[in-house]
Amino acid sequence: MSMQVSAQRGPFTGPELAFLIGVPLAWAVLLLFHPAGEGETVTYGEVQDEVTAWLVVHLGMMLFIPLMALAVYLLLRGIESAAATVSRIALVPFVVFYGAYEVLLGIGTGILVDDVNGLTASERAAGAALVNEFTDNVLIRGFSVLSSLGSVAFITAMIAAGVALRRQAGTPLAVPILLGLSGFLITAHPPPYGPTGLVLFIAAALLFARSQTRQEQR
Amino acid sequence: MNTPRVFSRAEVAFLIGVPLAWAVLLWLHPSTDPDDIYGSLRDQVVTYQIVHVGTLIFIGLMGVALYMLVRDLPGKAATISRLAIGPFVLLYGAWESVVGLATGALVQHANDAPAGERAAVSDAIQSLQGNVIVGESSVAGFGGALAWVIAVIAAAVAIRRAGAPVLATVLLVLSLVVFSHPPPIGPVGLACFAGAVLALYRNQRAGAPSTPQRRRRAVTSHERESRTTPRSSV
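In the order they appear, the protein sequences are chains A and B.
Everything in the first sequence is counted per this note's numbering, starting at 30 for the first residue and increasing by one.
Everything in the second sequence is counted per this note's numbering, starting at 883 for the first residue and increasing by one.
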């Protein structure tokens, strides 16, 4: 395996490290409040009593999805290789497709459930059927077109980022392994998977930052 | 300090092809009555869904295209443009997902529902469209549109300062109307974006070398020059 250290690449600055740790940590904390559901198909019954938490978590996710993409982009700062390019490119479909999936399933469903909660008891059954039909749509359900494309893009980005970082001198093998695992876990985002994946990402970022600092000191 | 931005043919094909392909798709965008979304869309729901799935992809691709235009340019305007692209893709994409895809899914459901239930689904569609966060006139829609306008105007300023012709600058500014994407406004704005790229490319061909060998020579010569006088150009 060829070892390379980019000329422009130095250790991360304090603010960069704070971003690399703060974004996944804040997202992990938010995800701890994620109501149950979002398995293969979300139902009205799973969300009806937790619609505020559902909406807050998914509005937050709308922000954390691009911020997480920025964190991966930052992790690859100054690295020029095919793997790094693949990772950077894959971040775009992740943000577009996974973001759209989250908005539809999270915010769209939340708004509908909130409306159905406001109906009279006799109308609610029809409303619940509408919500269930909506969340079972081919674009919106778990393993839908959008979630599959977005998840594959993110997993690709994380594996490629792991390969690109591993090729930097001094990077421990744990970094690509942790990044690869975190990719799978983050895309299955409700707890415990999402928060666990985000903690693994933080561990990978810290290990990589430490290895680069040591490399710089030699 | 930057090198002159010389687009390759593949880059130019992308920069012109993406807006033109989106413009063609948007010509098929059904028109809707804001007070009766279901009534407007029930007979054209498949077209509506195809247009909005495509639009979701094109929002990301237009973000990439605009980023390519300002990627290597120096200055505050280019930085502002690059920073505004992210919120555009995020917020406009989110808005588009709900107003386009969620509405399409509900219209499809209403079409499949018994006639007696259709009024309730129609109400749900109106309620979704009226939502303050992601509805037709919402925070996400307004934020995404504003981000696009800022990104495009800042990009126009950046390319002009880097020596782009007036025509390219004006056409790029005009492409800000894309935030209102249904025809005829959206396709016209996208044609302006493609026209701006074409004007940039023609300017580049007129004043800059076109073959890879010449480009390499030009970059080398620019590097020699920039050691003494830093400058930028498009």
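Even glycine gets a Cβ: it sits at the ideal position worked out from N, Cα and C.
Other residues of its chain near residue i: CB distance less than 6 angstroms, five sequence neighbours each side excluded
{"i": "B:V1059", "result": "I1067 and G1071"}
{"i": "B:A966", "result": "A1029, I1032 and A1033"}
{"i": "B:P1064", "result": "H911"}
{"i": "B:S1057", "result": "V1034, G1071, C1074 and F1075"}
{"i": "B:P1069", "result": "A905, L908 and W909"}
{"i": "A:F41", "result": "A238"}
{"i": "B:S979", "result": "none"}
{"i": "A:G212", "result": "F183, I184 and M187"}
{"i": "B:A1078", "result": "A1050, L1053 and L1054"}
{"i": "A:G89", "result": "L59"}
{"i": "B:G998", "result": "none"}
Proximal residues to residue i (C-beta, below 7 angstroms), its chain only, five neighbours per side dropped
{"i": "B:T1111", "result": "Below a pLDDT of 50, predicted positions are generally treated as unreliable, and B:T1111, at 45, falls in that range; the measurement from the model is reported next regardless. Excluding residues within five positions, none has a Cβ falling inside 7 angstroms."}
{"i": "B:Q1095", "result": "Because the pLDDT at B:Q1095 is just 45, under 50, the model does not fix this residue reliably, and the point stays unresolved."}
{"i": "A:A193", "result": "L105, I108, S110, A112, A113 and S116"}
{"i": "B:V1016", "result": "A976, W977, V980 and A1022"}
{"i": "A:S240", "result": "G199, T200 and P201"}
{"i": "A:V263", "result": "It is not possible to answer for residue 263 of chain A, since the shown part of chain A is limited to 30 through 247."}
{"i": "A:G209", "result": "M187, I188 and G191"}
{"i": "B:Q1118", "result": "Outside the shown range of chain B, which is 883 to 1116, sits residue 1118 of chain B, and nothing can be said about it."}
{"i": "B:T1093", "result": "Note that B:T1093 scores 43 on pLDDT, short of 50, meaning its location in the model is unreliable; the coordinates nonetheless yield the value given after this. Closer than 7 angstroms at Cβ, skipping near neighbours: no residue."}
{"i": "A:S31", "result": "Its pLDDT being 39, under 50, A:S31 is placed unreliably in this model, and the coordinates cannot settle the point."}
Sequence-distant residues of its chain with Cβ nearer than 8 angstroms to residue i (five each side left out)
{"i": "B:F940", "result": "V900, A903, W904 and L907"}
{"i": "B:D915", "result": "G921 and S922"}
{"i": "B:L938", "result": "G975, E978, S979, G982 and L983"}
{"i": "B:A1037", "result": "L948, L951, V952, A959, A960, S963 and L1054"}
{"i": "B:E1121", "result": "Limits of chain B in this structure are 883 at one end and 1116 at the other, which puts residue 1121 of chain B out of reach."}
{"i": "A:P95", "result": "V124 and G128"}
Chain-ordered neighbours of residue i on chain B, where CB pairs are closer than 9 angstroms
{"i": "A:V121", "result": "G942, L943, G945, V946 and V971"}
{"i": "A:P224", "result": "The premise fails here: A:P224 is roughly 22 angstroms from chain B at the closest Cβ pair, so nothing lies under 9 angstroms."}
{"i": "A:I136", "result": "A976, S979, V980, A984, N1013, I1015, V1016 and A1022"}
{"i": "A:G179", "result": "The contacting residues do not exist; A:G179 stays about 11 angstroms from chain B at best."}
{"i": "A:I169", "result": "L983, A984 and A987"}
{"i": "A:G156", "result": "A1002 and A1006"}
Beta-carbon neighbours of residue i, restricted to chain A and to distances below 7 angstroms
{"i": "B:G968", "result": "P95"}
Listed by chain order, chain B residues near residue i by CB distance under 8 angstroms
{"i": "A:V228", "result": "Chain B residues near A:V228: none, gap ~25 angstroms exceeds 8 angstroms."}
{"i": "A:E245", "result": "Within 8 angstroms Cβ-Cβ: nothing; A:E245 doesn't reach chain B, min ~25 angstroms."}
Any non-hydrogen atom of the ligand HEM within 7 angstroms of residue i CB
{"i": "B:C1074", "result": "No copy of the ligand HEM appears in this structure; indeed no ligand is present at all."}
Beta-carbon neighbours of residue i, restricted to chain A and to distances below 8 angstroms
{"i": "B:A895", "result": "Ordered by position in chain A, no residue passes the 8 angstroms Cβ test against B:A895, which lies about 17 angstroms from the chain."}
Residues that residue i contacts on chain C, provided the C-beta gap is smaller than 8 angstroms
{"i": "B:L1028", "result": "Absent from the structure: chain C. Protein chains present are A and B."}
Beta-carbon neighbours of residue i, restricted to chain A and to distances below 9 angstroms
{"i": "B:L1080", "result": "Near B:L1080 there are no residues of chain A at all, since even the closest Cβ is about 24 angstroms away, more than 9 angstroms."}
{"i": "B:A892", "result": "Within 9 angstroms Cβ-Cβ: nothing; B:A892 doesn't reach chain A, min ~15 angstroms."}
{"i": "B:L938", "result": "V125, F126, A129 and L175"}
Closer than 7 angstroms at the beta carbon, the chain B residues around residue i
{"i": "A:F172", "result": "The premise fails here: A:F172 is roughly 16 angstroms from chain B at the closest Cβ pair, so nothing lies under 7 angstroms."}
{"i": "A:N18", "result": "As displayed, chain A neither begins before 30 nor continues past 247, which places residue 18 of chain A out of reach and without an answer."}
Legend entry - Meets three-Cβ-pair contact criterion under 8 angstroms: the segment 1043-1058 of chain B and the segment 979-999 of chain B: no
Inset, instruction - Select from the segment 992-1017 of chain B all residues with a C-beta closer than 7 angstroms to any C-beta belonging to chain A, and list them in chain order. - result: Correct list: E999, A1002, V1003, A1006, S1009, L1010, N1013, I1015 and V1016.
Inset, instruction - Spell out a yes or no on whether the segment 137-153 of chain A and the segment 198-207 of chain A are touching, meaning 3 or more CB-CB pairs, one atom from each, closer than 8 angstroms. - result: no
Inset, instruction - Could you list the residues in the segment 75-94 of chain A with a C-beta less than 9 angstroms from some C-beta on chain B, going in chain order? - result: L84, L88, M91, L92 and I94
Legend entry - At least three beta-carbon pairs within less than 8 angstroms, the segment 923-934 of chain B to the segment 1021-1028 of chain B: no
Inset, instruction - Please confirm if the segment 180-188 of chain A is in contact with the segment 991-1011 of chain B, defined as three or more CB-CB distances below 8 angstroms between the two stretches. - result: no
Legend entry - Cβ contact check for the segment 47-55 of chain A and the segment 93-105 of chain A: 3 or more pairs under 8 angstroms: Because the criterion of three Cβ pairs below 8 angstroms is met, the segment 47-55 of chain A and the segment 93-105 of chain A touch.
Legend entry - Against chain A: residues of the segment 1046-1070 of chain B by CB proximity under 7 angstroms: none
Inset, instruction - Taking 8 angstroms as the threshold, find out whether the segment 216-226 of chain A comes into contact with the segment 57-65 of chain A through three or more Cβ pairs. - result: yes
Legend entry - Ranges of the alpha helix (DSSP H) found wholly within the segment 80-167 of chain A, counting only runs of at least 4: 80-104, 111-122, 128-131, 138-146 and 150-164
Inset, instruction - Tell me the start and end of each unbroken beta strand (DSSP E) in the segment 196-222 of chain A that is at least 3 residues and wholly inside, in chain order. - result: none
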